[in-house]
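Asker: Just so you know, the protein sequences line up as chains A and B, in that order. In this text, residue positions in the first sequence follow the numbering used here: the first is 855, and each later residue adds one. In this text, residue positions in the second sequence follow the numbering used here: the first is 855, and each later residue adds one. Beta carbons are placed, not taken as given, at the ideal position from N, Cα and C, and that holds for glycine. Computed from a predicted model, the values in this text were never measured in an experiment.
Protein chains: 2
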Amino acid sequence: MLEPAGAMPQDAWRIDNTPVAAENELLCEVDVLNIDSASFRQLGESCGFDAQRIGERVVEIVSQRGKQHNPVTGSGGMFVGRVLEIGAALRDKVDLSVGDRIASLVSLTLTPLYIERIDAVDVTTGQIWVRGKAILFESALWAHMPSDIDDGVALAVLDVAGAPAQVRRLCSAGQTVVVIGADGKSGLLSCAHAKARVGPHGRVIGLVPDSTTPSARMLLRAGLVDDLVVADARSALEASGQIEALAPQLADVVVNCVNVPGTELCSILCAKDGGTIYFFSMSTSFTAAALGAEGIGRDVTMMIGNGYAKGHADTALQTLRDHPELHAYFNQKYARTRT
Amino acid sequence: MLEPAGAMPQDAWRIDNTPVAAENELLCEVDVLNIDSASFRQLGESCGFDAQRIGERVVEIVSQRGKQHNPVTGSGGMFVGRVLEIGAALRDKVDLSVGDRIASLVSLTLTPLYIERIDAVDVTTGQIWVRGKAILFESALWAHMPSDIDDGVALAVLDVAGAPAQVRRLCSAGQTVVVIGADGKSGLLSCAHAKARVGPHGRVIGLVPDSTTPSARMLLRAGLVDDLVVADARSALEASGQIEALAPQLADVVVNCVNVPGTELCSILCAKDGGTIYFFSMSTSFTAAALGAEGIGRDVTMMIGNGYAKGHADTALQTLRDHPELHAYFNQKYARTRT
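(1) Are the C-beta atoms of M855 of chain B and some chain A residue less than 8 Å apart?
(2) So A994 of chain A packs on S958 of chain A, CB below 8 Å; how close in whole Å?
(3) Name, going along the chain, the residues of the stretch 1147 to 1170 of chain A whose beta-carbon falls closer than 8 Å to a beta-carbon of chain B.
(4) Take the Cβ of R895 of chain A as the centre, count every other Cβ of all protein chains shown within 10 Å, and call the residue buried at 16 or more, exposed below.
(5) Under 7 Å Cβ to Cβ from G953 of chain A, same chain only, skipping five residues before and after it: list those, please.
(6) Apply the 10 Å Cβ neighbour rule to G941 of chain A and answer buried if 16 or more other Cβ atoms are within range, or exposed otherwise.
(7) Taking 8 Å as the CB-CB cut-off, is V960 of chain B touching chain A?
(8) Out of curiosity, what's the CA-to-CA distance linking G1116 of chain B and D946 of chain B?
(9) Along the stretch 911 to 931 of chain B, where does the CB come closer than 8 Å to a CB of chain A? Name the residues.
(10) Can you give, in chain order, each stretch of the alpha helix (DSSP H) that sits fully within the stretch 1029 to 1105 of chain B and has at least 4 residues?
(11) With distances taken from CA atoms, which of A:A1099, A:A1170, A:K1187, A:C1045 is nearest A997 of chain A?
(12) Residues of chain A with CB closer than 9 Å to the CB of L1194 of chain B, please, in chain order.
(13) Please go through the same chain and pick out, in chain order, the residues whose beta-carbon is closer than 6 Å to the beta-carbon of T1193 of chain A, but skip the five residues on each side of it.
(14) Quick check: the Cα distance between V948 of chain B and F991 of chain B, rounded to an integer number of angstroms?
(15) Kindly indicate which residue of A:D1064, A:V1109, A:L1123 has the alpha-carbon position closest to the one of E1092 of chain A.
(16) Just to confirm before moving on: does the CB-CB distance between V977 of chain A and A866 of chain A stay below 8 Å?
(17) Using the three-state DSSP reduction, which class does D1013 of chain A fall into: helix, strand or coil?
(18) Have a look at R911 of chain B and G902 of chain B and give me their C-alpha separation to the nearest angstrom.
(19) For L1100 of chain B, count neighbouring Cβ atoms within 10 angstroms of its own Cβ and tell me buried if that reaches 16, exposed if not.
(20) Cutting at 7 Å between CB atoms, please list the residues of its own chain near Y1183 of chain B, excluding the five before and the five after it.
(21) Taking only beta-carbon positions, decide if M1136 of chain A is within less than 8 Å of chain B.
(22) Is the CB-CB distance between M1136 of chain B and T927 of chain B below 8 Å?
(23) State the beta-bridge partners of C882 of chain A as determined by DSSP.
(24) Along the alpha helix (DSSP H) that carries T1168 of chain A, what are the first and last residues, could you check?
(25) With a threshold of 8 Å between beta-carbons, can G980 of chain B be considered close to chain A, or not?
(26) Would you report the Cα separation of P966 of chain B and N871 of chain B, rounded to the nearest angstrom?
(27) Using a C-beta to C-beta distance shorter than 9 Å, which residues of chain B count as neighbours of L990 of chain A?
(28) Determine the contact status of L1104 of chain A and G1149 of chain B, defining contact as a CB-CB distance below 8 Å.
(29) Pick from B:G1129, B:V1154, B:V1114, B:H1166: whose alpha carbon is nearest that of T1138 of chain B?
(30) Could you tell me the alpha carbon to alpha carbon distance between Q1025 of chain A and G1165 of chain A, rounded to whole angstroms?
(31) Under 7 Å: does the beta carbon of G1146 of chain B sit that close to some heavy atom of the ligand NAD?
(32) My guess is that T1141 of chain B and S929 of chain A are in contact by the Cβ rule of under 8 Å, so how many angstroms apart are they, rounded?
(33) Are there 16 or more other CB atoms within 10 angstroms of the CB of A1147 of chain B, so buried, or fewer, so exposed?
(34) Report the neighbours of A1090 of chain B on chain A: residues whose CB is nearer than 7 Å to its CB, in chain order.
(35) Looking only at its own chain, which residues have a Cβ that is under 7 Å from the Cβ of Q1029 of chain A, when we skip the five neighbours before and after it?
(36) Would you call N878 of chain A buried or exposed, if buried means 16 or more other Cβ atoms sit within 10 Å of its Cβ?
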């Protein structure tokens, strides 16, 4: 049951979140919600970054909409949980058993969710420990939780799994790549894949608001970027001017991973004519990007970040196995045992 | 002078529209504004499609913001006018003389505009005859008005010049292409270029709300599409189901040219895995597209329509010369002499 009737689950304002699986659905016990970065930032700002108030707001949204679909940002996140029931029509089709731990790979904006209580809100990571239930439709994507990677870390990585998979496709040897918001989750993974693809004759430049944070320092130390530029991407001319000073030919590929609005023009200004901009940030405004490129007459290809790509979960998790310093950083920041 | 200070002209809420050219600017006398389709539809709906009220609303927006930047849709349009002054620093740089008739190829969302009066609003085309002045910055794009194409027609075509240029790049021989909103200006031009590129072994399917309109009938008659599908693209499952019935392999390229919100999912459902969706519509929601593809696990490349591409004005105008039936349709609908 959707409101309005006939809408698709994501378009619908409210979906039915009765925690009972139809025969082509999975019912899961939910342990952790991983709120997407743009949404969590908005929730945090509107709740004074108070864990309790953020939790109350999430309960309020879910009780109103039947899903964790932030009405301001329009974005969601994902969950980790355990399989409680496998609908009869699915039992022979899916490689799953009751009790398996899985991560959802579809957005919470289209996942029926029922929250019994909030146990904890981690204001630094956007992860929320809950007791609740969720339904996954037959077409929904999910991944087995890996045995060699901490749950909280895997969740953090899987949440942004679209970015590294796309960066692998877009970048090639010898290119100059600029990653805006290089110090966040998706930015870190993007830098690792960009550097692996462009190779020794290419160049990866990370743009960060602060070069003294643990993640920014790790980027340089682990060689995931060649250069770090400290700037506010919302100040388009100033930030892109710094990139141009370092790389006068500008970037073949720009990857936008920020979680604040207003960075479209900076992204466009950093890209050379004929270059590609990959907007992974959910704060991206379609019209600002479309009209921004036209406004400055920059002939660039602008791509909407797709949260899905074939094999994206494996690609994203493998990044940690291939980059021990990156893995250590994620462990320090996101591991469950940390709390 | 911008509000807030330091913002770029498009990001700014209000720009200074004093009709005086700086030494690196052009001052133009404006004859016609061509409001972009998404914006004009919104203006029409909010004004009961009353020409006078639409004109008053445009005057109100321009007096508040210093530019025709629709606060609801975030989009603008373009203008045609005559060069009044060429700033001293530009005189030797540009192929222009005072008195030349030009069309602006940058969005009205970043063009300082001063309106003295509205002469007429054409509710059917979104063209507004005015007496006014506009400033073009040094970096702005413009085109000489062609001598062999009616002014109103050229303006209509130049407004959407990004679409045909991009469709040429994206399509290749033998492909299946779906154009959603095939019967509008950008849709018609896109179909012509898609059909030219995919050739006799490819297929172009136009999706339209009504097959009995003059433009829909012309599409079939002139061979700009192989098939027409009548559906409402906002009903994603029903509309894409019709496309799938015609082309079970789905589309290599989907071009979205509608002027209503809520058609992202239909576009995604029409594209095959590995396909490309070109969102030219300014009604596109970034999050709806990004999360929609993730939600159904469709591995597609989604592109933000760039209003600019090298040579796009010439490409767009040439379409009319190459397709007499298309040219005749545009003449009938958009020629100045018609009014």
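Answerer: With the given structure in hand:
(1) As a working note, residue 855 of chain B is residue 1 in the second sequence. Its pLDDT being 47, under 50, M855 of chain B is placed unreliably in this model, and the value from its coordinates should be taken loosely. No, no contact with chain A.
(2) Residue numbering aside, residue 994 of chain A sits at position 140 when the first sequence is read from its first letter. Residue numbering aside, residue 958 of chain A sits at position 104 when the first sequence is read from its first letter. The Cβ separation is near 7 Å, so the contact holds.
(3) A1147, E1148, G1149, I1150, G1151, R1152, D1153, V1154, T1155, M1156, M1157, I1158, G1159, N1160, G1161, Y1162, A1163, K1164
(4) Position 41 of the first sequence, counted from the first residue, corresponds to residue 895 of chain A. So R895 of chain A ends up on the buried side.
(5) Counting from 1 along the first sequence, the entry for residue 953 of chain A is found at position 99. These residues qualify, in order along the chain: R936, V937.
(6) In the first sequence, residue 941 of chain A corresponds to position 87, counting from 1. Buried: at least 16 other Cβ atoms inside 10 Å.
(7) Numbered from its first residue, the second sequence carries residue 960 of chain B at position 106. Output row for V960 of chain B: interface = yes.
(8) Translated into the one-based positions of the second sequence, residue 1116 of chain B becomes position 262. Translated into the one-based positions of the second sequence, residue 946 of chain B becomes position 92. Answer to the nearest angstrom: the Cα atoms are 48 Å apart.
(9) T927, G928, S929, G930
(10) 1039 to 1052, 1068 to 1075, 1090 to 1100
(11) Counted from its first residue, the first sequence places residue 997 of chain A at position 143. Cα-wise, what sits closest to A997 of chain A is A:A1170.
(12) The displayed coordinates of chain B run from 855 to 1193. Any statement about residue 1194 of chain B would go beyond what the structure contains.
(13) Numbered from 1 along the first sequence, position 339 holds the residue referred to as residue 1193 of chain A. Note on T1193 of chain A: pLDDT 41, under 50, position unreliable in the model; no value is reported.
(14) One-based indexing of the second sequence puts residue 948 of chain B at position 94. One-based indexing of the second sequence puts residue 991 of chain B at position 137. About 12 Å.
(15) Taking the first residue of the first sequence as position 1, residue 1092 of chain A is located at position 238. Here the closest residue by C-alpha is A:L1123.
(16) Counting from 1 along the first sequence, the entry for residue 977 of chain A is found at position 123. Counting from 1 along the first sequence, the entry for residue 866 of chain A is found at position 12. Going by C-beta atoms, V977 of chain A is not nearer than 8 Å to A866 of chain A.
(17) Within the first sequence, the letter at position 159 stands for residue 1013 of chain A. D1013 of chain A: helix per DSSP, three-state reduction.
(18) The residue you call residue 911 of chain B lines up with position 57 of the second sequence. The residue you call residue 902 of chain B lines up with position 48 of the second sequence. The alpha-carbon atoms of R911 of chain B and G902 of chain B are separated by roughly 12 Å.
(19) Along the second sequence, read from residue 1 onward, the residue named residue 1100 of chain B stands at position 246. Exposed: under 16 other Cβ atoms inside 10 Å.
(20) For this step, residue 1183 of chain B is matched to residue 329 along the second sequence. Closer than 7 Å at the Cβ level, and outside the excluded window around Y1183 of chain B, lie P1068, S1069, M1072.
(21) For the purposes of this step, residue 1136 of chain A is taken as the residue at position 282 of the first sequence. So, interface residue.
(22) What you label residue 1136 of chain B is simply residue 282 of the second sequence in a count that begins at 1. What you label residue 927 of chain B is simply residue 73 of the second sequence in a count that begins at 1. Yes, these two residues count as a Cβ contact at 8 Å.
(23) Taking the first sequence and counting its residues from 1, one reaches residue 882 of chain A at position 28. The partner list for C882 of chain A (beta bridge, DSSP) reads A:V937, A:A988.
(24) Mapped onto the first sequence, residue 1168 of chain A falls at position 314. Here residue 1168 of chain A turns out to be Asp, not Thr, going by the sequence shown. Start and end: 1166 to 1176.
(25) On the second sequence, position 126 is the one that residue 980 of chain B refers to. No, because no Cβ of chain A sits closer than 8 Å to the Cβ of G980 of chain B.
(26) Counted from its first residue, the second sequence places residue 966 of chain B at position 112. Counted from its first residue, the second sequence places residue 871 of chain B at position 17. Between P966 of chain B and N871 of chain B, the C-alpha separation is close to 5 Å.
(27) Against the first sequence, residue 990 of chain A aligns to sequence position 136. Residues of chain B passing the Cβ test: none, with the nearest at roughly 11 Å.
(28) Taking the first sequence and counting its residues from 1, the one referred to as residue 1104 of chain A is at position 250. Taking the second sequence and counting its residues from 1, the one referred to as residue 1149 of chain B is at position 295. Against a cut-off of 8 Å, the Cβ pair of G1149 of chain B and L1104 of chain A comes out as no contact.
(29) Indexing the second sequence from 1 puts residue 1138 of chain B at position 284. Closest by alpha carbon: B:V1114.
(30) Counting from one through the first sequence, the residue named residue 1025 of chain A turns up at place 171. Counting from one through the first sequence, the residue named residue 1165 of chain A turns up at place 311. One point to set straight first is that residue 1025 of chain A is Cys, not Gln, in the sequence displayed. Approximately 17 Å between the Cα atoms of the pair.
(31) This structure simply doesn't include the ligand NAD, nor any ligand for that matter.
(32) The count along the second sequence starts at 1 and reaches residue 1141 of chain B at position 287. The count along the first sequence starts at 1 and reaches residue 929 of chain A at position 75. Confirmed, Cβ separation roughly 6 Å.
(33) Within the second sequence, numbered from 1, the residue matching residue 1147 of chain B stands at position 293. Flag for A1147 of chain B reads buried.
(34) Counting from 1 along the second sequence, the entry for residue 1090 of chain B is found at position 236. Going along chain A in sequence order, the residues near A1090 of chain B (Cβ under 7 Å) are M862.
(35) Position 175 of the first sequence, counting from 1, holds the residue named residue 1029 of chain A. Here the set comprises V1052, G1056, D1106, V1107.
(36) Residue numbering aside, residue 878 of chain A sits at position 24 when the first sequence is read from its first letter. Exposed: under 16 other Cβ atoms inside 10 Å.
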